[in-house]
């Protein structure tokens, strides 16, 4: 069963983030957890913009290649490619190719001149493009935020053991079945334990993928 507490007026949050009890003055309130004492999974909204993850998105950037004298082809000029979504949260972005430049506002990935070509796009046996796997969180366009706590001034949390799904997780980490989940400083689930004093709070039961971009978890 869920429980509710007075809302921390300084917190903004989305459903699926992790909540934590706090004391303001002499009142116990609840807001986004900093990971040190997570209490439950938030089931309310107070945000100006909704976000969603893009997991293991494949981006192929065509390029004109020249030999580098060491057996590789490299891009002769700067090349770029649109990703699926603009308005990317920069701190959430990760790519498996180093040296690329992110335009987070427009959702464009830029490969500087000299980037090693690692993919044969046309199948002729010569690498002619850069294949990158990226994960990130983006702000959803044309959908205004919401505040479901206005009427009650209270925030709802689920805290009992159970199976849950959320799209509020750290996209810079990898998720495998049975991995322990922690809460980071932004109230997001993560497999990266921030410090040894941060408690494990859940276990991965269904990792996010490029097809199903939600994280399924068993809450302890």
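In my numbering, the protein residues as written are 1 to 220.
Glycine residues also receive a C-beta, built at the ideal position from the N, C-alpha and C atoms.
{"Query": "For residue 4, name the three-state secondary structure that DSSP assigns.", "Result": "strand"}
{"Query": "In chain order, what residues of the same chain have a beta carbon less than 7 Å from the beta carbon of residue 176, not counting five sequence neighbours either side?", "Result": "204 and 207"}
{"Query": "Does DSSP classify residue 91 as helix, strand or coil?", "Result": "helix"}
{"Query": "Just mark residue 79 as buried or exposed, buried being the case when its beta carbon has 16 or more other beta carbons within 10 Å.", "Result": "buried"}
{"Query": "On the premise that residue 200 lies in contact with residue 180, defined as a C-beta separation below 8 Å, what is that separation, rounded to the nearest angstrom?", "Result": "4 Å"}
{"Query": "How about residue 41 and residue 164: are their beta carbons less than 8 Å apart?", "Result": "yes"}
{"Query": "I'd like to confirm the pairing. Which residues does DSSP put opposite residue 226 in its beta bridges?", "Result": "In this structure the chain extends from 1 to 220, so residue 226 is not present and cannot be described."}
{"Query": "I'd like the list of long-range same chain contacts for residue 11, defined as Cβ closer than 6 Å, with 5 residues on each side in sequence excluded.", "Result": "31 and 32"}
{"Query": "Determine, using beta-carbon pairs with one atom in the segment 132 to 140 and one in the segment 49 to 60, whether at least three such pairs fall under 8 Å.", "Result": "yes"}
{"Query": "Where does residue 161 fall in DSSP's three states?", "Result": "coil"}
{"Query": "Could you give the C-beta distance for residue 157 and residue 3, rounded to a whole number, given that I count them as a contact under 8 Å?", "Result": "6 Å"}
{"Query": "The beta strand (DSSP E) with residue 27 in it runs from where to where?", "Result": "27 to 32"}
{"Query": "Jot down the residue ranges of each uninterrupted beta strand (DSSP E) in the segment 114 to 145, minimum 3 residues, whole runs only, in chain order.", "Result": "none"}
{"Query": "In this structure, what does DSSP give as the bridge partners for residue 216?", "Result": "165 and 206"}
{"Query": "Per DSSP, which residues does residue 221 bridge with? Please list them.", "Result": "Nothing about residue 221 can be read from this structure; the chain reaches only from 1 to 220."}
{"Query": "Report yes or no: do the segment 13 to 22 and the segment 179 to 197 share at least 3 C-beta pairs separated by less than 8 Å?", "Result": "yes"}
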